[in-house]
Amino acid sequence: MDATNQLRTVNVTRYILALREGGSLPALADADDGFKYVVKFRGAGHLEKALIAELLGGEIARLMGFKVPELVYAELDPAFGRTEGDEEIQDLLQGSQGLNLALHFLSGAINFDPLVTEVDAQTASEIVWLDAFITNVDRTFKNTNMLMWHKELWLIDHGASFFFHHSWVNWEKHALSPFTYIKDHVLLPQATMLDKANTKFKSILTEEALRNIVNLIPDTWLISPDGSESPESMREVYAQFLIRRIANSEIFVKEAQDARKVLI
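Now the structure itself:
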């Protein structure tokens, strides 16, 4: 099932600026609804898989109650970017024709600095739980992937989540993994309430809710590595990964708790 009608779709009208902080060359761009967006391109680094991770991670975080910029599908016309002088960017745009993903641009937002802004234990625990759940290898001191906007904490950039899908093998094993990368999480030292977060989110992230989010993945992003799987069967893998992972959440919660003990 193609569920692209469940998020707004905008047409990118003007390429403003390449955002070179990351390796995937997202861009600040104007769209035909009058707003600015940070566009993630399907022709970049990890191709459609990065967009799938961004979509799933962002919408799961939103369902959990976190502040996340609005995600929209961003349509890129074949003629777009032909006047771009940078050859690398022009190649990226040509390889990203069709449906991409974009985040509403938070004008004036500043990067979260853990040395400047203190995060309470409950919030820290809930963010650590989220990232362990979706296997997000970012949100470290090096790359916090959080913004402060109007004195509130916003979560961004979930494209490095669900790393199992880059190999697309043994997803059942990955669903039950403890996620050892959580030891590098920027908020782990403050995450003293992981059991409470676990109880809270197991009731929020129901199978129906998770399937509704998985159904947002467009057919055109679901490309089987060997051509043997349909978009529907690939969606089912994502759904089952999430359903099994939350059913066994004590595994990754314990890993986070043990990693925190080592830190302190």
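For the sequence shown, this note's numbering assigns the number 22 to the initial residue and increments by one for each residue that follows.
Every residue gets a Cβ at the ideal spot worked out from N, C-alpha and C, and that includes glycine.
Range covered by the alpha helix (DSSP H) that runs through residue i
i, result
"His195", "Trp192 to Ala196"
"Gln27", "Unbroken run through Gln27: none, as it is neither H nor E."
"Ile110", "Glu108 to Gln115"
Beta-carbon proximity list for residue i, same chain, < 6 Å, skipping 5 on both sides
i, result
"Thr165", "Phe133 and Val207"
"Leu263", "Leu231"
"Gln115", "none"
"Phe273", "Ala153, Pro199 and Phe200"
"Ile148", "Leu208"
"Glu80", "Ile234"
Exposure label - residue i; buried when at least 16 CB within 10 Å
i, result
"Gly248", "exposed"
"Ile225", "exposed"
"Ala268", "exposed"
"Leu284", "exposed"
"Glu229", "exposed"
"Pro47", "buried"
"Asn26", "At Asn26 the pLDDT is 44, less than 50, meaning the model places this residue with poor confidence; the figure from the coordinates comes in the next sentence. Exposed, by the Cβ-count rule."
"Asp98", "exposed"
"Thr220", "exposed"
"Arg281", "buried"
"Thr138", "exposed"
"Ile234", "buried"
"Ile244", "exposed"
"Val190", "exposed"
"Lys163", "exposed"
"Ile203", "buried"
"His187", "exposed"
"Leu215", "buried"
"His128", "Rather than His, the amino acid found at residue 128 in this sequence is Ser. Its Cβ having fewer than 16 others within 10 Å, Ser128 is exposed."
"Ala100", "exposed"
"Ser254", "exposed"
Same chain, Cβ closer than 7 Å to residue i, neighbours up to 5 away in sequence not counted
i, result
"Leu136", "none"
"Thr34", "Asp51, Ala52 and Asp53"
"Thr30", "Val93, Tyr94 and Glu96"
"Phe184", "Thr156 and Val158"
Per-residue DSSP class, three states only, for residue i
i, result
"Ile131", "strand"
"Leu136", "coil"
"Asp51", "strand"
"Leu46", "coil"
"Thr156", "coil"
"Thr161", "strand"
"Lys282", "helix"
"Ile272", "helix"
"Ala277", "helix"
Opening and closing residue of the beta strand (DSSP E) in which residue i lies
i, result
"Arg35", "Thr30 to Ala39"
"Ala268", "Here Ala268 belongs to no beta strand (DSSP E); instead the alpha helix (DSSP H) covers Pro252 to Ala268."
"Leu124", "Gly119 to His125"
Cβ shell of residue i (< 8 Å), same chain only, five flanking positions each side left out
i, result
"Phe126", "Leu49, Phe56, Lys57, Tyr58, Val59 and Pro90"
"Thr161", "Asp205, His206 and Val207"
"Asp141", "Gln211"
Closer than 7 Å: residue i CB and nearest the ligand NAD heavy atom
i, result
"Leu151", "The ligand NAD is not part of this structure, which contains no ligands at all."
task: At 4 residues or longer, and completely inside the segment 170-248: list those alpha helix (DSSP H) runs for me, N to C.
output: The qualifying runs are 192-196, 215-225 and 228-235.
task: Enumerate, from N- to C-terminal direction, the unbroken alpha helix (DSSP H) stretches of 4 or more residues contained entirely within the segment 56-96.
output: Taking only runs of at least 4 residues, the alpha helix (DSSP H) segments lying wholly in the segment 56-96 are 68-84.
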